[in-house]
Each structure stands twice: as structure tokens, then as C-alpha cells.
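Chains as they are written, first to last, in this note's numbering: chain A, 476 to 1176; chain B, 476 to 1176. Ideal Cβ placement from N, Cα and C applies to all residues, glycine included. Quick caveat, the model's predicted, so the values are computed rather than measured.
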């Protein structure tokens, strides 16, 4: 655990400023919880109106304590909150948890107060949790600096799961759902407004707890991704899966998040890319976190996505197959031997291919599961198993089914999930430790999640190459013109169409002679980024005279528009089989971001693109391209050859290194279209726009 | 209820062929169930080995009965099944339910036996249910000609829901889930292999039961859509919602369905279109059917999709807003007055805009719900209400919250859904009759479903216009060539680009003179439907000489290819702002089907299209276009004007009447591209391909 946070998660002493004898008050709960969960350190209630609180001596003030506590829990509200924090800082308290609301989430005035508290804390080397938080709870150490009602509703039990959440409500909900599934939870921490300590930093601390085998996060904004990245890196090293909710996916949700924890909006596709980049699996709500937990704790790390579906209902075979496809799982193709072995166990009208319908004959032969499962167990085509029991009851030996399934799972070591909505059926399977779900959608969703997450965590991770030294033209600001943009990219190895920037009609004619027909002639002005909308692009230019005339016409038009006349470009025509786009920008939170997708003039409207955070490999670009709606075109349609994905991927990787190498001087890069040819024919950029950062900074990422 | 099926659903007498004294055997269950559920007709067990069965006199044979029973339940298997059905038919039994498996679902031999049974039944005017079925159950009349174990597991209660299913397992599962929610169910019918009576026909019968207020279907194939359409039409008339599962959505699922009930595959997008066309809502599984049932039974028919989200947790406000967007619901914009009224009830740091965060202050003020709800009740901006309570417990007066919510729902008459995963919270809300769900995804999913389904059921329904008399050229077969295809469509009012079919270079030059530059020149051969792949299309032809030369070149190339040389087309160039496609085909099950979507050469690969069943209105086409991935282009991008959706919709409507008017002589129509201009500029078809039906039939749809 990181040393800085030890004082909060494993404090030797805890002061409660505003302590109460009533265990249902915020100032009473933590004392009650610490007693109940065996906290071994010193507990110091502070309340000048009392001699004793819940069996502990009560103190009049922080100054009256016999020692400086590691952790102070500030329960008092209003003006007293800031005063208490100031006193903690002055006394040398290591960590303070501030419960009160009414700070950054309410507007500028509250934010100012919040900043003031943090400034005082930082100046004294004290860490601050909250404000506007439900607090911290470590059931390993018994240090419960929080007041969640849920710990009364659902009795805690120490276990291998850590929860770190901006929202107290969501930490309590995840905790309650996990406990309801019989799973133990060690850490339940809420960060509230994150004035100082963020989910990322606490996640880092919890990921270092060797007892934790699954880490669940809830975030409303990501302000400091580097801590979260560090947590994820450490988690991957020790094979600790992280499942995160990032709420505020929608515009309405982001607005609500701003009122809730004063959160700033993140661009949601970039959040997705960030999580993918760091091997974090994203879900929508605590239900999705809780329902997958048991599967992770079993240590399932499937090799692939090929599934065998088994049911006693033909309809459930059908729906299981449908749900497998919904979840991107493939039905395993069982070998001829496996099918023969299965068929020998089943009645004649049953189906021995996958999905395997053992039919209602299960009613008369309770041994069917036990007969059929071993027959498929050894087939190497199967990565995952799913047993769907939509109907059973009187006459069915469900206990035997459950024992057979458990023996099967133990023998294969492969994931086995069961769907059964009747408690009389689900219960016996659960009792055998089988991952059991109410329906095929959830069961297959979890299997697909574990398979996908395993692949994500194990994916080879690209390292930053030596970054190029990217220099903008002297005095550049705003947009570079097209010629400068293309030249900059070409310098760093991006393939661009041959072109010349011409300053006169004569130069245009000479350029045409050098470049040949058909040529493209286009005006070049940093002030006209969208040339074609102004009629400043001519395609298919066939003669040197045309080139000269176009120079005159475009030059005159730029003059009439009153924009910078940087010249006229004469360029070679380059066609591909499809137009793509590659873009890059500096995200204010996440730094360099690369976008690759369908190109052309409708990019903004259709948004068929994938987001990647550098560094990434060519393979990752190729995988990302597979998520596009135009992905079927990559393989070639109607007899066309496949596209040169490798060449496009090279460009995307290079653009990532260029924007990173610019070290803050480039705000964005937009290559559109990138003409991609058939495999082996390469890709070439025919238009580019580089945007300089407003105030060039010297930082790096 | 349709008379034909009355003998099965309300029989005056029931014979059980293969009756048993053991209530856990298939031949014992129905007798037990009929006694238990007060069946008033005569029950005739047939079993030659017994004198009495479950208190009824047992008969040696059908012939020995004192009367011909309305309904015979055939429980005997193997060879005896067919013999029993033959005897029933011979004796004049009105309906027979055949339980045994081993017929159409096993292959050609079983299918032959099945056909034989149906033929005998039909010849005698007897209706057949099954084979391979779990049977029928009407808890209104007590006539239970089925053996589902689920009726023992979960005690029946008559109620307003009907279930009709191909699968016995799925009917039992839907039944069990509904009963588990405390809802009463009247009809639970399974059709199995549907040798004679289908889900559609039974649905029609059940839709005529005036007590039924919600109808749930499970289908693995739709062989006779007209019965289902009739059921849906009657249901719409009496405002009876139908929620259907059509399993076998995936290739794997369709294969499994074929093994299960011998089902033939339906094209899944056409199934979607069929359901939409008839106002049937499609879901994936019985859980989705059951979870929405209460909302329908409340009679919710919301006017719109604008929702108010209220929670005691800021995070749940955020996630509620996200889930609203996931489900296509809009956050209602509350009036200034409403917000002021809400704000006056809440603590200062709470949020009075939508979503409304009443905060953890609810803990100290249990009246907050009751205070806030009336403040929003009268805002006309709200169609739907959602209360999200992720955490409550000791100290919260949940009973009061539930009472306040129920009073609110009663006062507004508008849908109110609650999400609460803690049983201690959900219970009191459920007890007040509030629709309560475990999480925001399900709650908002159901609200969105009811809103969407209401709109679908209430949508004005297009009527067939007088169909045109569509005549193919004499002797036409296979594909018509492009000129004939375009001419046929133009005759029926589809706008096509001006063109001439030329038989000589001289004709081509004259055509160019008439049509003007730039022209398009393309080879015309019924045997070369994809001309451009063979280099047989020239765009931008500028001179009459070029047109003549192209004639010679294309004619020579067709000769070299050895294909029919129907001539060379000289056509006017027509451009639009976007290329669309309109297609039509005769589906073997559903009849005429129209497809409209993104055009160009990648249509097959990208499949960005919508399916419509005629007759449909221009408005329905416009709505369907909104579901395309390219929908954002309809409004115009980057300053472009919106597209002429009306003109495109006109073409789609016309194509639907043309293929219907062809009365089976046209197999398919493919218009691609259809050039669509800016609003008011129209749309024009520049290429067309009409395919003749293999053996022209004279039928109509």
C-alpha cells in the first residue's frame, strides 16, 4: 500500500471531530463500526459536551488529545468544517476525511472554500479525503472512517474485493450487492469531491493490498488519469482485474455529475479508449460489477471465446445460441468423436451437436447431465461452458445436476456458467459454488466479459518509441496551411502525395510539368481550412495551361476573400480503394489521442471512428479498425482485394508519435482523406491540417 | 374466441388417451390439474388396464366412451400416437393434442408421419395441436390439456395474461416468472411442431378472450404470418398489447430451432419489420416479457418519451440520466416554476433541475419525497417518472416514500417506475402497487418499451392503394436488362434519369445530341447485371463522337463476353447529394418486402438499410430512414441543406405497390443508386434491376 495513504487505511489512531453517542448519527457510526470490526488502534471521540462516548473517553478538542492522531474524521458541518480541517493541518494530523457537503459541487463559492481547505492541508503535508464523502472503510484493519447505513443493513465480512468510488451511494450499493451474493469485501472507500485524494490514488493503494483479488471503481470524472494508469499498471502486473463504472456517459449525465461531485466532463469515447489502453473493463452500473465478481474470483482466465451450450429445453438451446452471438461468442464446433460420444448418451430425438439439447428426457434420467458433460469436457474446441435450465422442479434431481456440473468444472478447469431463474434450481448450483445467473443474457454476458477482459489484460503493451523532435515553422500559430501541414508530416515519415506550393502561374505550370496529369490544384491558405466549400479545389487537371489558369483564379478568389494567400498547390492525383481519416489531438485530461476511421466529408456527422491512446501498436490499430461500421470493407467487397490496413496502421502510429513528439506545441492533426489502396499498395495522405497549440508549452506526456 | 378452437380451449368434454393414476406422469397430470382448477366438463380417462383413474371411471378405448369428446389429449407414444390420432379423427373428435416427440423435428421420416397425421385430421375436420408439445391450459375454464411441471411448482391463478408459445419450456418459464411477480395468468398454450394449429391461430383465439389484457408469444418460426397478422389486428382494435419473442435470431439459433421444432428459418430483419408493421413489440426472452407485464396491466399508454428522474443519490441521478439516453428517453425540461417549487422543498446544496437530487437529506426528512413529487406532478413537460433509490435502510421511512409515490401516481395518472435493489426498499413500493425494478436499466427499459409500444400501436396504418397492373415484357425471365427495368419503373411513376437504348453507333450519337453533355454511356445486357465490374460504364461523356466510340467498344466487349447484346444506353448524368438504394423482393413467407438505405457499391457489405412491409406511408419511410447509421446526413452536414426525404419516400412507396401489383411475377427490384438531392430537388433513379419470378404465379398478397 502506498505510504501516503497508510495513515487513512491503516491508521494507528483515529479522531472523530463531532463524535456522537448515537450510533445512528454520522458522528456515532464510525465509532460503533470500529468497535464492531475489531479496530486495534486508538479511537479519540472529540465532543466538548461529553465525558464519554460509546465507552471511549471524549475530548474537548483536538488539542486535548494525548497524541496527534494519524487520521481525523471531520463530521462537523457548516463553518466548523473548515476550522476543523485547519486545526488538523496545524496539529500535524496525517489524513483528514471531510464528510460535509456544500463545497465544490455547489458552485464557485463552495469551490473556493474547498480550495482553501486543500491548500491548508497541502501546506501541512496532510492528505484530504472528500469533502462531500461517505468516508473510508477497511474491513481488513477495522478502520472505518465512514458512516454508510449499508454496513448495518448487510453485515460486513472481510474478503478479496476492493471498492473505490467517488460516490458513497454507489460504493454502498456495490458493497451490498456483493455481500448479497455471499462475497466478502475488504475496502469500501468513497472520495466525494476529490479535492485532494482521487479514486485513482486510492485505487493504487488498494491494488497494493495483496489480499485484494478484484477491484471495482466508480468514477464521475477522471481529472488525474496518471494515478489511475499507475493503479492499472500495478494491477496488470499482479493479474488483478479492475472493473470500472464511469458515469456521466451522456450529456444529461455529465450535467448531473457536475451538480453531484463538481465533476468536469470527459469525452466519453476517450474514456473508453483510456480504459481499454490500461486493461480496465468498463461496465454501466454496480449490478454489472457484482454479477461478474464470482467469475473473476474463481480465477477464470479463458483462452478464447468458443462456447458449448447445453440445455434440457430446445428453446433454451435456441435462445442460448442467440445470446452467444449477441455477446460475440462463437458456438464451439465439437469434433465428430465428441458428437458421437454425446449422441450415445442421449435419446434418439435429442441433438448431439452444439447447442446440445438433452431434452425433457432429463426428467426420467437424472444422470443425463453427468453422462453428457464428460463427453464434451475434453474437446479442445471448447473454451467456455454454459448450462441453461429454464424449467425443472418435482421429479428432477437438481442436486445431482449441480454435483455433476461442479465435478465437471473441477475436472476441466474451464469456466462453467449456469442459467436458472427458479430458486429451487439455482440454489443447489450456487451451493456447489457454480456461477449461477437468472438468464442466458447475464450468464453469457459474464462469460464474454471475462474472456474479453482476460484478452485485454494480456494484450502485449506497446512502448513509446524514441519520440521525434517535431518543430513547427517559426512563428506558427492557429492552423498551418496545407503545404506546411503535409510537409511536416512527410518529414516524419507519413506518406503524402507529391505536391508543390506555387507562388505564380508560371510556377504552377512548371509544377504541372513535373507532376503530370491528372493533377489536383488547390488554394493554400492557413485561413481557409475547408477549401472545397469555397470552390478552391480542382480535380483532374489535364494541361499545364489549366494549372496556370487555376492559379490565377484561386489567387484572385483568396484575395477577394481577404485571406492569407500562401500560394496554390499543384499535387499528384492519388486514389485508393477507400478514403479513411487519421486524426490526433491533445485531450486536456488524457494528453495525446489518435482517431482513425472512415474518411471523407461526412466524418463529423457519421463518427465512424475508433479512438486510441498512444503508445499503441499497428496491431492495435488493425483491431480498432475492426470495430468500425465500415469494417466489412477492410476485407474487400464484391471480389475486391483486401485493403492495406498495415499501411493505414503505420500512419496512425506515426501520427501518435508526431503529436507526442511536438510536446504540446501541436493541438491537433487532421489527415482526411487518407487514400488506402489494396494490400501492398500502401496508403497516402492527400490533405492535412495541423493546428498549433494556443500557447506552446514545453511539457511532455 | 374463434369457434374452431373453442373445442380445445373451452371443451365440454376431454378424453385422455393413455391416462394414468400417477399425477406425476404425463397421463396423470392433466386429470389432476382439471380437478384442481374446477374444470366443469366431462373427463374421460382412457386406459384399458384400469377401472378407475383419479376418481373418474376409466375406459378401455375411445369407442367405449358414452359420447364423442370435444378434445382428446393423446399421451401415448411411439406407433400408438398415430393410431390414436387416426381413431380420434374417425370418431369425430373436434381437437386432438399430441404430446409425443419424434416427428417433424427429427428429419424427413418423422415429418412424413406428422404430415400423415395432419392429413387424417384435416380430412375429418379435426384440429391438431402439436405433436411435440406440452399442451394447452386455460385457467379460465379449467381445461388443462397439458402436463407442465410448473403448475405444481408455482400455483396457478386466473388473470389477465395469455401466453402462446411454440415451446412448452418457454410457456412454462413465462408463466412461472409472471406468477412469481404475483400476476395472474389465464392461458398457457404450447404448439410444439405446429403441424396444424400455429401460435398465430391460437393467438387469434386468445386475443378474442375479453378477459385477456396482455398477450405474450414465443415463436421459433413464422410459417403463416397471416394468422398472426389477424391476431395483431384484432388486438390493436381492442388495445391489447402483444409482446413477442422470436428466437433463432442468429445463424446458430436458427440451426438449433430446426432441431427443436423443425422450424424453417425466417430472415430476421424481415421478422422485425413484420412485428413493427403489426404493432407487436419484440423482446429477447421471457424475462423481458415478464418484467414489463405489470406496466402494461396498469394501462400505461404514455403520450411521449420525456422523463423526470428523481433520486436520493447524486450518482443515481447521473446513472439515471445515462440510462435514459441509452433507452432513447429525453430528460424533461422542467419549467422555471416547477424548478422553483422543487428548490423550495430541498436543502440548499440539492439539485432542483432534472434529474432531481433530493440528496441524503432524505434520511433526516422522510417527507421530502412527498414534498417534491407534487411540485413536479403538474409540469406538462413530463410524460414519465422514475424514482431511483440505490440506498436506504435504518432511519429511512420507506413506507412513507412508497405511500407518497403511490399517491403521486394516482394523482398524475402518468407512469411511475421505481428502481430499488434492496428488498427492504423494493417490498414496500411493490406492496403499494408501484412498478418496481432492481436497477435503472430495467426500469427505464420498461418505460421506454411502453412508450415505444404505445406509439407503435397507435400509429396510423397505411392502407393498400389500388394496385397498378404491372406487366413484364413478353417472354421475360431471369433479369430484365437495365433499359427494360428503368422503363417498367418509369411507367409506374418512379423518376428515372432520361435515357435511350441505342442499337448502333449512329443511334448513340443521336441520343447524345438529344441528351447533352455530360452523358453516361453503359452497356445493356440482361446477362451482365453488374456492368461497372466489367468496365462497361463510362461517366462524363462530353462529345457525340465519344458516345459513338463507346457504343462500338461496349458492343464489342459484350460480344467477346458472349452475352446477350441488348444495346448501349446513353443517359443523362444525374447527381444528388447522397446515393441511396431502394429494393424490394418477395419473401417466401412474408410476401412483398421493401428495403431502403445507404446506396452505392457497398450496400451488401455495410447493410445500412431498413426493412418495411407494404403497405406503408411516406411518413413510415421517413421514420425508418431515421434508424440508419447515415441518418445524420438527412438533415444536411456542414451547412448543406437537408435531403429530399419526401422524394425518396415516394419512390419506396411506389416500389412497394409495383412489386405487389406484379402479383408474383417480379421476384425482386433493385434501384441503386437513387440520387437524392436537397429538399425540393427530388430524387432520381439512375440504375435499376428487375428480376422476374422463376415461375410467374397469379396470386396476390
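Q) residue 1018 (chain A) by DSSP, collapsed to three states: which one? A) coil
### Query
Contact check, residue 864 (chain A) vs residue 900 (chain A) under 8 angstroms by CB: the rounded distance?
5 angstroms
field: Residues of the region 893 to 917 of chain B with Cβ closer than 8 angstroms to any Cβ of chain A, in chain order
entry: 896, 897, 899, 913, 914, 915 and 916
Do three or more CB pairs link the region 742 to 757 of chain A to the region 923 to 933 of chain A at distances below 8 angstroms? yes
Q. Where do the N-terminal and C-terminal ends of the alpha helix (DSSP H) with residue 703 (chain B) fall, by residue?
A. 700 to 712
Output needed for residue 1065 (chain A): all residues of its chain with C-beta closer than 6 angstroms, excluding positions within five of it in sequence on either side, in chain order. 700, 745 and 749
Problem - Contact residues within the region 685 to 707 of chain A, judged by C-beta distance below 9 angstroms to chain B - result: 693 and 695
(message) On the CB-based measure, 16 or more other CB atoms within 10 Å of its CB, does residue 946 (chain A) come out buried or exposed?
(response) exposed
Whole angstroms are fine: how far does the CA of residue 1149 (chain B) sit from the CA of residue 984 (chain B)?
26 angstroms
### Query
So which residues of chain B does residue 611 (chain A) contact, with C-beta pairs closer than 7 angstroms?
The premise fails here: residue 611 (chain A) is roughly 17 angstroms from chain B at the closest Cβ pair, so nothing lies under 7 angstroms.
Worksheet item: Quick one: is residue 1155 (chain A) buried, meaning 16 or more other Cβ sit within 10 Å of its Cβ, or exposed?
Response: exposed
Problem - Neighbourhood of residue 1034 (chain B) by C-beta distance below 7 angstroms, restricted to the same chain and skipping five residues each side - result: 1040
query = Can you find a C-beta in chain B that's less than 7 angstroms from the C-beta of residue 499 (chain A)?
reply = yes
Q. In angstroms, rounded to a whole number, what distance separates the CA positions of residue 562 (chain A) and residue 537 (chain A)?
A. 8 angstroms
task = Run down chain B in chain order and give the residues with a C-beta less than 8 angstroms from the C-beta of residue 810 (chain A).
result = Here the premise fails: no neighbours, minimum Cβ distance about 17 angstroms.
Please tell me whether residue 592 (chain A) has its Cβ less than 7 angstroms away from any Cβ of chain B. no
Would you check if there are 3 or more beta carbon pairs closer than 8 angstroms linking the region 687 to 698 of chain A to the region 591 to 607 of chain A? no
By Cβ distance, which residues of its chain are closer than 6 angstroms to residue 767 (chain A), with the 5 residues on each side in sequence left out?
921 and 924
Practice problem: List the residues of chain A that residue 845 (chain B) touches, going by C-beta distances under 8 angstroms, in chain order. | Solution: Within chain A, no residue comes near residue 845 (chain B); the closest Cβ sits about 21 angstroms away, beyond 8 angstroms.
Strictly below 8 angstroms CB to CB, what residues from chain B border residue 735 (chain A)?
789, 790, 792, 793, 826 and 832
Self-check item: Strand pairing of residue 1066 (chain A), partner residues [DSSP]
Solution: A:1062
Determine, using beta carbons only, whether residue 503 (chain B) comes closer than 7 angstroms to chain A.
no
Please state the DSSP three-state secondary structure of residue 750 (chain A).
helix
### Message
Check whether chain B comes within 7 angstroms of residue 1051 (chain A), counting only Cβ atoms and requiring the distance to be less than that.
### Response
no
Item checked: Proximal chain E residues relative to residue 956 (chain B), where beta-carbon distance stays under 7 angstroms -> Looking for chain E here will not work: the only protein chains present are A and B.
* **One or two residues paired with residue 1056 (chain B) in a DSSP bridge** => B:1072
Residue 660 (chain B) versus B:649, B:668 and B:667, residue with shortest Cα-Cα distance: B:649
Using a Cβ-Cβ distance cut-off of 7 angstroms, determine whether residue 527 (chain B) contacts chain A. no
**OP:** Anything in chain B within Cβ reach of residue 820 (chain A), meaning under 8 angstroms, just list it in chain order.
**Re:** Result: empty, since nearest Cβ-Cβ is about 16 angstroms, beyond 8 angstroms.
Segment limits, alpha helix (DSSP H) that includes residue 925 (chain A): 915 to 933
Taking DSSP as the reference, what is the three-state secondary structure of residue 1141 (chain B)? strand
Query raised in the report: Does any residue of chain A bring its CB to less than 7 angstroms from the CB of residue 1150 (chain B)?
Result: no
Cβ neighbours of residue 741 (chain A) in the same chain (closer than 7 angstroms, five flanking residues each side left out) = 696, 697 and 1064
- prompt: Are three or more beta carbon pairs between the region 778 to 786 of chain A and the region 1094 to 1113 of chain A nearer than 8 angstroms?
  reply: no
Mark residue 1172 (chain A) as exposed unless 16 or more other C-beta atoms lie within 10 angstroms of its C-beta, in which case mark it buried. For residue 1172 (chain A), the pLDDT reaches just 46, beneath the cut-off of 50, and the residue's location in the model is therefore unreliable, leaving the point undetermined.
Roughly how many angstroms lie between the CA atoms of residue 1143 (chain A) and residue 1130 (chain A), to the nearest whole one? 10 angstroms
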